[in-house]
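*Asks:* Here the protein sequences line up with chains A and B, keeping their order. Residue numbers for the first sequence follow this note's numbering, beginning at 1 and rising by one. Residue numbers for the second sequence follow this note's numbering, beginning at 1001 and rising by one. The C-beta atom is built at its ideal place from N, Cα and C for all residues, glycine as well. The structure that follows is given in the form of C-alpha cells.
2 protein chains.
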Amino acid sequence: MSNLTLEDIAEQAGVSRSTVSRVVNDLPNVSEDVRRRVLDVIQQTGYHPNAAARTLASQRSWTLGLVLPQSVSLFFTDPYFPHLTKGIAQACNEHNYTLALFLVSNKEDEKKIFSRVNRKGLLDGVLVQSGHHGDQQMIGQLVDANMPQVVLGRPQRYDNVTFVDVDNVSGAYNATAHLVRLGYRRIATITGPGLSTVGLDRQAGFTKAMNERGIKIDEMLETEGDFTEAGGYYAMQRLLPARPEAVFVASDLMTIGAIRAVREAGLSVPNDIAFVGFDDIPLAAASDPPLTTIRQPVIQFGVRAVELLIDLIENGIHPPRHVIMDTQLIIRDSCGAIRKDLISG
Amino acid sequence: MSNLTLEDIAEQAGVSRSTVSRVVNDLPNVSEDVRRRVLDVIQQTGYHPNAAARTLASQRSWTLGLVLPQSVSLFFTDPYFPHLTKGIAQACNEHNYTLALFLVSNKEDEKKIFSRVNRKGLLDGVLVQSGHHGDQQMIGQLVDANMPQVVLGRPQRYDNVTFVDVDNVSGAYNATAHLVRLGYRRIATITGPGLSTVGLDRQAGFTKAMNERGIKIDEMLETEGDFTEAGGYYAMQRLLPARPEAVFVASDLMTIGAIRAVREAGLSVPNDIAFVGFDDIPLAAASDPPLTTIRQPVIQFGVRAVELLIDLIENGIHPPRHVIMDTQLIIRDSCGAIRKDLISG
DNA sequence: TATTATTCTGGGAGCGCTCTCACGGTTCAT
DNA sequence: ATGAACCGTGAGAGCGCTCCCAGAATAATA
Chain A
1 MSNLTLEDIA EQAGVSRSTV SRVVNDLPNV SEDVRRRVLD VIQQTGYHPN
51 AAARTLASQR SWTLGLVLPQ SVSLFFTDPY FPHLTKGIAQ ACNEHNYTLA
101 LFLVSNKEDE KKIFSRVNRK GLLDGVLVQS GHHGDQQMIG QLVDANMPQV
151 VLGRPQRYDN VTFVDVDNVS GAYNATAHLV RLGYRRIATI TGPGLSTVGL
201 DRQAGFTKAM NERGIKIDEM LETEGDFTEA GGYYAMQRLL PARPEAVFVA
251 SDLMTIGAIR AVREAGLSVP NDIAFVGFDD IPLAAASDPP LTTIRQPVIQ
301 FGVRAVELLI DLIENGIHPP RHVIMDTQLI IRDSCGAIRK DLISG
Chain B
1001 MSNLTLEDIA EQAGVSRSTV SRVVNDLPNV SEDVRRRVLD VIQQTGYHPN
1051 AAARTLASQR SWTLGLVLPQ SVSLFFTDPY FPHLTKGIAQ ACNEHNYTLA
1101 LFLVSNKEDE KKIFSRVNRK GLLDGVLVQS GHHGDQQMIG QLVDANMPQV
1151 VLGRPQRYDN VTFVDVDNVS GAYNATAHLV RLGYRRIATI TGPGLSTVGL
1201 DRQAGFTKAM NERGIKIDEM LETEGDFTEA GGYYAMQRLL PARPEAVFVA
1251 SDLMTIGAIR AVREAGLSVP NDIAFVGFDD IPLAAASDPP LTTIRQPVIQ
1301 FGVRAVELLI DLIENGIHPP RHVIMDTQLI IRDSCGAIRK DLISG
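Okay, here's the thing in C-alpha cells:
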C-alpha cells in the first residue's frame, strides 16, 4: 500500500517535492494554502516518509541504542533493569526517538553488537550500562569512534565521558546510619560484586557510616553477593555464624534471599536480625516483612540519561557532564524501626 | 574517523565500487586475489558500510520491532516479559538483526509508536505482544499495512495472522489435575484478567480438569486477578472465607501475593492451603515455600517467534502459521506433594 | 514608479549503498 | 578454428529523502 514517495504526494498536490518536504518537516516558508492542500493529500493517501532515505540524506537516524553488557544478564531477574529500560523507552517516545536494544549475552555477541552499534547510519547515540570492569571496553571504543554516548552508572574511567549515576555512597551511608540510630551495633553488610562500581560505592558508604559512628567493622560481618536472590541467600548463610544484629544489603533482591536464609535458620526478621536493602523494587513493599530500603529514582534516571544524550547529539560534544542523583530512605518493617518506636514510645 | 565510503575503499584497493560491495556482502564472482586485497584495506581503515544507505538501496533494514502494548506495563514487575525480551534479543543477535523496542506506556504513545512502526524503511518486521483485547487494533493495522508480523500469544482474531503461543489450556489442566491427584477437592482458582486470552485459556484448563474429574466448581472459589503480586494478595483475601484446600493461580507472581495473604491470615502453605502457580519465574524456586508451577519455555518462545518472523520476511507471506508450545509441570513444595508422599509412603 | 527586501516555490545535486547490465577475457564443446 | 557459456569487473541508474540555491512573486521602502 504505502510505497508512496514525496514525489507522488507532490504530483497529487500539484507542487514540488521540496515543498512537500517542507510541509512534512513543519518548516516555515510555505503558504497556508499550499500547506493545507499537501496535508490533505498526505492524510488521504496515508503517506509516511521513508526512514532510511531520510536518515541517509540528513545523517540523522532518530534512533538511540541501549547497550546492556553481559554482566547484566541479571536483566530478567532483577526488576531494576526492566524498570530502567521502561524509563528510557518512555523518554525516547517523548522525544520521538526510536530505541534499539542490545543485550549482550556472550562474548561472541559482544563483537557483533559493537560493530552494529558503531555502524554509521544506524544510531545517533548510545546509552551504555556500566557494569563490571570487563565491560568498560565498549565505552572506550565508542569514545574513539566519536559516537555520542551517555554511560548509565559511573564507569571505571570517567574523565572524558558523560554519565548519570545515583549517589550510592550517600545512599548506603544513610541506610547504615539508620541502623545505627536504631541502636544496632553488630551491623553486617552483604556487598555487590567487588568488580562493580555500584557494589564498591555502597560498601564505601557503609564503611563511612560505621567509621563516623566509631563502630568497628568485624571482618566476619562483611561478605560479597552477586546481586541475585540466591547470592543473598548464600551470603547470609555465611554471615549467620557471626550473629549480626542487623544487615545492610546492597540490593533488595539479595535482601529477599538473605531473609529466606534467616527464616530457614529459625530466626525472625526484624526481631532477631534487622535489614535495610537498596533499590526499592516493587516487591520490596510486598515482601514479608516489607523492606526498609534506599529508593532510587529509576525512571527519572533513565529520562535524565536520554535527555543528556539528545543534548549531546543535537548540540554537539561539550565537556563531559556528570549527573549524580539523590536517593531516599524508605522506612518499612524490616529494619525494626516500628518495634523500636514502640519500645521507646 | 569512519566517514569512509565504498568509493574510498574502492580507490585505495584499486578496484570499483561494485567489487567492494561484492566483497563486503560476501557475494561470489570475485577473484581470491582481489577479495583479499579489498579485505585488507577494509581491515586497515576500519570501514563499516552505512546502514541507512544499505537499507535505502536494498529495501531491507535488518531491524525487527518488538511492540509491548500498554497492558504490559507489568513489564517491569513480572519477570516474564524481561525474560521473553531476552530470548528475542538473543535470537536477533544470532541472525544479525537489530532489535527495536517499543513500550507503549499511554494512549498518546500508541499513535506515535504505530506511525513509527509502520514507517517504511525502519523495520523489516514486527513482533507484537498480544494483551488485552484493546491492544488488538495494532495487529489489524499491521495486517492492513502488509507489514510482516508475528504475534506473541494468541490474539483475539487470529485467522490471518501468524502467532506463537504456549498451550495455556493444557498447562492449567495439568496443574489442576495435579492438585486433584493429591486428593484436594475444594480447589479454587485465581484467574488472569478476563480480557486476556492467556487468562481465559488458563481458566478454561482449570474448568476442564475439574469437570473431567467430576468435581463441582463452587463459584465462591473463582476470583479474578490482574497478574500482579498485589492482585494475587487481594484475590486471596477474597477467597479465604470460602476455605479452599488448594488454589491454582494463573501466575507465579500472583501466587507469591496469595501466599502472603494466607500467611497474614495465620495459615500455612501447603499445610492449610496448597498452591500451584504458572510461569516458573526465577523467584518461584526461591520462594518460601518453593512454588509448584507450570514452566513455560520462555526463551524458546522468543527464539521461535523471531525465526518465524525472519522466515516471513525472507520467504514472503505464506499462509499464517500457528505454533503452540508445550509446558511442563514443575513439582516443588507449595502443592504439598511431598507431605502427601510421606503420608502415603 | 523604481528599487530593494522578503516570502514562497522548484530544480538539482547529493547522501552511500545495491543491483542490473554490458563488456573483455577464459574455458569449453562443436 | 568458431561459437557458446561463463567468470570477473566496472559503469550507471536508481533507492527516497534533505538542503542549498536560484528564480518568481509579493511586499516594503525610497
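Out of A:L179, A:G214, A:S170, A:G225, which has the shortest C-alpha to C-alpha gap to A:S196?
*Replies:* Among A:L179, A:G214, A:S170, A:G225, the Cα nearest to that of A:S196 belongs to A:G225.
*Asks:* Should the region 85 to 93 of chain A be called in touch with the region 108 to 120 of chain A, which here means at least 3 C-beta pairs below 8 Å?
*Replies:* With a cut-off of 8 Å, the region 108 to 120 of chain A and the region 85 to 93 of chain A do not count as touching, because too few Cβ pairs lie within range.
*Asks:* Cβ of B:Y1234 less than 9 Å from any chain A Cβ?
*Replies:* Taking Cβ atoms only, chain A never reaches closer than 9 Å to B:Y1234, which makes this a no.
*Asks:* If you draw a straight line from the C-alpha of B:A1100 to the C-alpha of A:G125, how long is it?
*Replies:* Each residue's Cα considered, the two are about 14 Å apart.
*Asks:* Can you tell me whether A:H318 is helix, strand or coil according to DSSP?
*Replies:* Looking at A:H318 - three-state DSSP - the assignment turns out to be coil, as it is neither helix nor strand.
*Asks:* Can you pull the chain B residues whose beta carbon is under 8 Å from the beta carbon of A:I9, in chain order?
*Replies:* Going along chain B, no residue has its Cβ under 8 Å from A:I9, so there is no contact; the nearest lies around 14 Å.
*Asks:* So what's A:H83 in DSSP terms, helix, strand or just coil?
*Replies:* Reduced to three states, the DSSP call for A:H83 is helix.
*Asks:* Using a C-beta to C-beta distance shorter than 8 Å, which residues of chain B count as neighbours of A:H48?
*Replies:* The answer, in chain order, is S1115, N1118, R1119, K1120.
*Asks:* Give the secondary structure of B:G1199 by DSSP, where H, G and I count as helix, E and B as strand, and everything else as coil.
*Replies:* Correct three-state label for B:G1199: helix.
*Asks:* When burial is assigned at 16 or more other CB atoms within 10 Å of the CB, is A:R202 buried or exposed?
*Replies:* Looking at its Cβ environment, which holds 16 or more other Cβ atoms inside 10 Å, A:R202 is buried.
*Asks:* For A:N119, count neighbouring C-beta atoms within 10 Å of its own C-beta (all shown protein chains included) and say buried if the count is 16 or more, exposed if not.
*Replies:* Position check: residue 119 of chain A holds Arg in this sequence, whereas Asn was assumed. Answer is buried; the Cβ neighbour count reaches 16.
*Asks:* Does DSSP put A:H132 in a helix, a strand or coil?
*Replies:* A:H132 falls in the strand class under three-state DSSP.
*Asks:* Under 7 Å Cβ-Cβ, which residues of chain A neighbour B:L1101?
*Replies:* Residues of chain A passing the Cβ test: A89, L99, L101.
*Asks:* Less than 9 Å separating the beta-carbons of A:V327 and A:N168?
*Replies:* For clarity, residue 327 of chain A is Thr in the given sequence; the question names Val instead. Going by C-beta atoms, A:T327 is nearer than 9 Å to A:N168.
*Asks:* Quick one: is A:N93 near chain B, going by C-beta distance under 9 Å?
*Replies:* Chain B, which has a Cβ nearer than 9 Å to the Cβ of A:N93, makes this yes.
*Asks:* Using 10 angstroms around the beta-carbon of B:H1318, count the other beta-carbons present and answer buried if the total reaches 16, otherwise exposed.
*Replies:* Classification for B:H1318: exposed.
*Asks:* Interface residues of chain B around A:R260 at Cβ under 9 Å?
*Replies:* Those are A1286, S1287, D1288, listed as they occur along chain B.
*Asks:* Ignore the nearest five residues each way along the sequence and tell me which others in B:Y1184's own chain have a CB closer than 7 Å to its CB.
*Replies:* For B:Y1184, where only same-chain residues beyond five positions count, the Cβ hits under 7 Å are E1245, A1246, A1274.
*Asks:* By Cβ distance below 6 Å, which residues in the same chain neighbour B:V1038 in space, the five residues on each side in sequence not counted?
*Replies:* Result list for B:V1038: A1013, V1020, V1023, in chain order.
*Asks:* How is B:M1236 classed by DSSP in three states: helix, strand or coil?
*Replies:* B:M1236 falls in the helix class under three-state DSSP.
*Asks:* Distance check for B:H1322 and B:D1165, CA to CA, integer angstroms please.
*Replies:* The straight-line gap from Cα to Cα measures roughly 8 Å.
*Asks:* By Cβ distance below 7 Å, which residues in the same chain neighbour B:L1004 in space, the five residues on each side in sequence not counted?
*Replies:* Hits under 7 Å: T1045, Y1047.
*Asks:* Between A:R359 and chain B, is there a C-beta pair that is closer than 9 Å?
*Replies:* For residue 359 of chain A there is no data in the structure shown, the boundaries of chain A being 1 and 345.
*Asks:* Take B:R1060 as the anchor and find which of B:V1128, B:Y1097, B:F1081 has the nearest alpha-carbon.
*Replies:* With distances taken between Cα atoms, B:R1060 lies closest to B:Y1097.
*Asks:* Exposed or buried, B:E1229, counting other C-beta atoms within 10 Å across all chains shown (16 or more means buried)?
*Replies:* That one is buried.
*Asks:* Could you name the residues of the same chain whose beta carbon sits closer than 8 Å to that of A:P49, not counting the 5 residues immediately before and after it, in chain order?
*Replies:* Excluding sequence neighbours, A:P49 sits near L6, V24.
*Asks:* Which residues in chain A sit within 8 Å of B:R1154, going by Cβ to Cβ distance?
*Replies:* What B:R1154 touches in chain A: nothing, since even the nearest Cβ is about 23 Å away.
*Asks:* Just verifying my parser: in three-state terms, what is the DSSP assignment at A:G277?
*Replies:* Coil, per DSSP.
*Asks:* Start and end of the alpha helix (DSSP H) containing A:T19?
*Replies:* Looking at the DSSP string, the run of the alpha helix (DSSP H) that includes A:T19 is 17 to 24.
*Asks:* From the beta carbon of A:F81, is the nearest beta carbon of chain B less than 9 Å away?
*Replies:* Chain B, which has a Cβ nearer than 9 Å to the Cβ of A:F81, makes this yes.
*Asks:* Report the residue from A:P193, A:P290, A:V104, A:S58 whose alpha carbon sits nearest the alpha carbon of A:I330.
*Replies:* Selected option, being the one with the closest Cα: A:P290.
*Asks:* As a quick exercise: from B:A1051, B:N1174, B:I1256, pick the residue whose alpha carbon is nearest that of A:T63.
*Replies:* Among B:A1051, B:N1174, B:I1256, the Cα nearest to that of A:T63 is on B:A1051.
*Asks:* Put A:V303 into one of helix, strand or coil per three-state DSSP.
*Replies:* Reduced to three states, the DSSP call for A:V303 is helix.
*Asks:* By Cβ distance below 6 Å, which residues in the same chain neighbour B:E1222 in space, the five residues on each side in sequence not counted?
*Replies:* If we look at B:E1222 and ignore the five residues flanking it on each side, its Cβ neighbours are T1189.
*Asks:* Are the C-beta atoms of B:T1292 and some chain A residue less than 9 Å apart?
*Replies:* No, B:T1292 lies away from the interface with chain A (no Cβ there is under 9 Å from its Cβ).
*Asks:* Quick one: does B:T1063 have its CB under 9 Å from some CB of chain A?
*Replies:* Chain A, which has a Cβ nearer than 9 Å to the Cβ of B:T1063, makes this yes.
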